[in-house]
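Number of protein chains: 2
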Amino acid sequence: MDIAELSDRILNGDRRALARAITLVESGRKDHRALADALMVKLAGAGRQALRVGLSGTPGVGKSTFIESFGMMLVAQGLKVAVLAVDPSSARSGGSILGDKTRMERLSRERSAFIRPSPSQNHLGGVARRSREAVALCEAAGFDVVLIETVGVGQSETMVAEMADLFLLLLAPAGGDELQGVKRGIMEIADMILVNKADGDLKATATRTCADYSGALRLLRKRPQDPDDFPKALTVSALEEAGLEAAWGEMQSLAGWRREQGHFEANRARQARHWFAEEIRHSLLARLETPWARDRMAVLADEVAEGRRGIGEAAQDFLTGLGS
Amino acid sequence: MDIAELSDRILNGDRRALARAITLVESGRKDHRALADALMVKLAGAGRQALRVGLSGTPGVGKSTFIESFGMMLVAQGLKVAVLAVDPSSARSGGSILGDKTRMERLSRERSAFIRPSPSQNHLGGVARRSREAVALCEAAGFDVVLIETVGVGQSETMVAEMADLFLLLLAPAGGDELQGVKRGIMEIADMILVNKADGDLKATATRTCADYSGALRLLRKRPQDPDDFPKALTVSALEEAGLEAAWGEMQSLAGWRREQGHFEANRARQARHWFAEEIRHSLLARLETPWARDRMAVLADEVAEGRRGIGEAAQDFLTGLGS
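Quick note, the sequences are listed as chains A and B, same order.
Quick note on numbering: my numbering labels position 219 of the first sequence as 219, and the sequence is numbered without any gaps.
Quick note on numbering: my numbering labels position 89 of the second sequence as 1089, and the sequence is numbered without any gaps.
Set out below in structure tokens:
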């Protein structure tokens, strides 16, 4: 299938074409990269826009259940929902946080939903580019909401926030008044905190935890892209499907405000610049992975290790050989 | 002063020459870099070797007091001790974890001790290269032990471990049985854990904490560079100057074993290779910081942000222009 045809089918909402295109952007082959590039430019021309919602939560907070309940609620409102996972750890474990669709059984059976497991990649930079392009593909295929899920591992949260319009942090009710050791850096990128499991015995704890986070969020420095009452914390129960409409209402209200104020588009443009710079850094460093580069570095490294050459001078020597 | 003279003076243990050389390696100027390189090669030829001891501990564990007491104990044994700080956060705060010498008043007055505050740098890579060269300079100046201190911020601990022969983690007694949230990655690079404040009311807690860490260390995967009983945890009291000789004995015993087994030299060679590769990556990415590169990236990034060009193709265009 050529790019024009693939593009047309995606724009027509053909799910098999979408899946195929995602496989294409996930490919490491050089000719595939060129095709993927052409496809992305072609689809960008269509100008379709979904709401890209990043979602992070450590195992145990009920993320799968939340995505399922939240996704079903959106579908019930007539919206089309895509779920993608960004999982930098899957390279090591060989597995995937969205390993199979049984995690979201109901949602995966919906015709208006599309669930794509995360690819096994061995490079975070590669994961990022591919995931971001997969998001844009879902957008072109006519999905209204693209949920980009990640576990809180290393820099995956920052990465997902850098490809989302909104970033949600899903947390569990905390015993005591400690804030579950949520890293300040993560708090600072969250647009909304959702305290899940606000049901049964945990309901009161969830409410208290939510108040704690509300307080913590108010202490953070105000960001220009936030209206007065954001970022905010809410309680939800994915299990009892409670609070999901309210949370969705808040997301829409935030996204709407950002659209009106110009922050929405400005953010997407900033993200494109960010990922472009990342792509360049990635390509530049990839030049160190050729057989010549590896061999030459090994020879020079020995000379440096033996104290025969200075590290800076040897590095310059290498870079000259590299053609830099 | 030329490099030959500077080198001679350092080898003669001239402290002012040492301080001057450290300022030279800390300089970002290109001509200074070349001089620093020449100096490092010259001094490496002398083949002097100190024991490089990395030390990490978050604020509040009594790190300054420990360094002072431990340093004084070494000095009393007739050893020369240098203390360097690696503080990637100082760039932001403008301050320095070794801001002045009043933190280690007694040690700073000792003729056999040399204390150097961390430079304010704005790049972790730069900090690393400079710190590592400062360590080598102290070594050449005849110091027997070089303590490389860091706070547990971001990747500074891994960085310090990569320039040390031994890596110590200084911890405070923990209330309860939780292990103070010490990151597993940090546990895995520690050769010894020292539980400080094993004095007064905290003595029993320190002993219990130490036992907890001993247990945790035993659960880690065995590393080839460790004899059977390492890594290990010990209690010390920097305040009462207790346990310091025992800790030093353990350090010597570990270093001795590693020397006999060839791990000591192998580790240093591996570190040199690591820093050489880092230097190359750093130099390569520095090419993106020229005015031409910044301007060109900005133009292309706009085209990418507007969806007019593919990210991969635009990146290739940029790299071609860069001469890569």
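The beta-carbon is built from N, C-alpha and C at its ideal position, and this holds for glycine as well.
Cutoff 8 Å; reference lysine 389(A); Cβ partners in own chain excluding five residues on either side: Past the edges of chain A, shown from 1 to 324, lies residue 389(A), and the structure says nothing about it.
Terminal residues of the alpha helix (DSSP H) in which methionine 163(A) lies: From DSSP, methionine 163(A) is part of no alpha helix (DSSP H); its letter is neither H nor E.
Under 9 Å between C-beta atoms of valine 86(A) and methionine 159(A): yes
Where threonine 1290(B) falls, given that 16 or more other Cβ within 10 Å makes a residue buried: exposed
Contact test: alanine 34(A) Cβ vs the ligand HEM heavy atom, cutoff 8 Å: Although the ligand HEM was asked about, the structure shown includes no ligands whatsoever.
Below-9 Å beta-carbon distance, glycine 1142(B) vs any chain A residue: no
Interface residues of chain B facing arginine 218(A) [CB-CB closer than 7 Å]: Those do not exist, as arginine 218(A) stays about 23 Å from chain B at its closest Cβ, beyond 7 Å.
Cβ of alanine 233(A) within 9 Å of any chain B Cβ: no
Exposed unless 16 or more other CB atoms sit within 10 angstroms - verdict on glycine 200(A): exposed
Per-residue DSSP class, three states only, for serine 1112(B): coil
With 16 other Cβ atoms within 10 Å as the buried cut-off, status of proline 224(A): exposed
Residues, ordered as in the chain, of the segment 1035-1060 of chain B that lie near chain A by beta-carbon distance below 9 Å: Ala1036, Asp1037, Ala1038, Leu1039, Met1040, Val1041, Leu1043, Ala1044, Gly1045, Gly1047
9 Å Cβ cutoff, glutamine 1316(B) in contact with chain A: yes
Listed by chain order, chain B residues near valine 304(A) by CB distance under 7 Å: Ala1272, Phe1276
Test item: CB-CB of glycine 1054(B) and alanine 1172(B) under 9 Å: no
Under the three-state DSSP convention, the category valine 61(A) falls into: coil
Sequence-distant residues of the same chain with beta carbon closer than 8 Å to leucine 35(A), five excluded per side: Ile3, Leu24
Distance between arginine 1184(B) and glycine 1071(B) (C-alpha atoms, nearest Å): 28 Å
Chain-order list of residues whose beta-carbon lies under 8 Å from that of glycine 307(A) (same chain, five-residue window excluded): none
Proximity of leucine 1043(B) and serine 283(A) at Cβ, strictly below 9 Å: no
Buried or exposed by the 16-neighbour rule on C-beta atoms within 10 Å, applied to lysine 1080(B): buried
Range of the contiguous alpha helix (DSSP H) that encloses methionine 333(A): Coverage of chain A is limited to positions 1 through 324, which leaves residue 333(A) absent and any answer about it impossible.
Best match in Ala1038(B), Gly1028(B), Ile1010(B) for proximity to arginine 396(A) [C-alpha to C-alpha]: Here chain A comprises residues numbered 1 to 324, so residue 396(A) is not present and cannot be evaluated.
Chain B residues whose Cβ lies nearer than 7 Å to that of alanine 269(A): Ala1305
As assigned by DSSP and simplified to three states, the class of glutamate 240(A): coil
Neighbour-count burial assignment, arginine 259(A), 16 or more Cβ in a 10 Å radius: exposed
Cβ pair valine 1145(B), alanine 1242(B) closer than 9 Å: no
Test item: CB-CB of alanine 128(A) and isoleucine 22(A) under 9 Å: no
7 Å CB neighbourhood of alanine 141(A) in its chain, flanking five on each side removed: Ile10, Gly13, Leu18
Contact under 9 Å by Cβ, isoleucine 148(A) with serine 131(A): yes
Separation of alanine 314(A) from alanine 1272(B), as counted between CA atoms: 12 Å
Whole-angstrom distance between arginine 281(A) and leucine 322(A), CA atom to CA atom: 16 Å
Spatially closest choice to isoleucine 186(A) from Arg33(A), Glu157(A), Gly256(A), Ala113(A), by CA coordinates: Glu157(A)
Residue-chain proximity (arginine 308(A), chain B), Cβ-Cβ < 9 Å: yes
CB-CB length for leucine 169(A) against leucine 254(A), believed under 8 Å: With 8 Å as the limit, leucine 169(A) and leucine 254(A) do not qualify as a contact, their Cβ atoms being about 14 Å apart.
Backbone CA spacing between arginine 1278(B) and glutamate 245(A) [nearest angstrom]: Here residue 1278(B) turns out to be glutamate, not arginine, going by the sequence shown. If I take the Cα positions, the gap works out to 49 Å.
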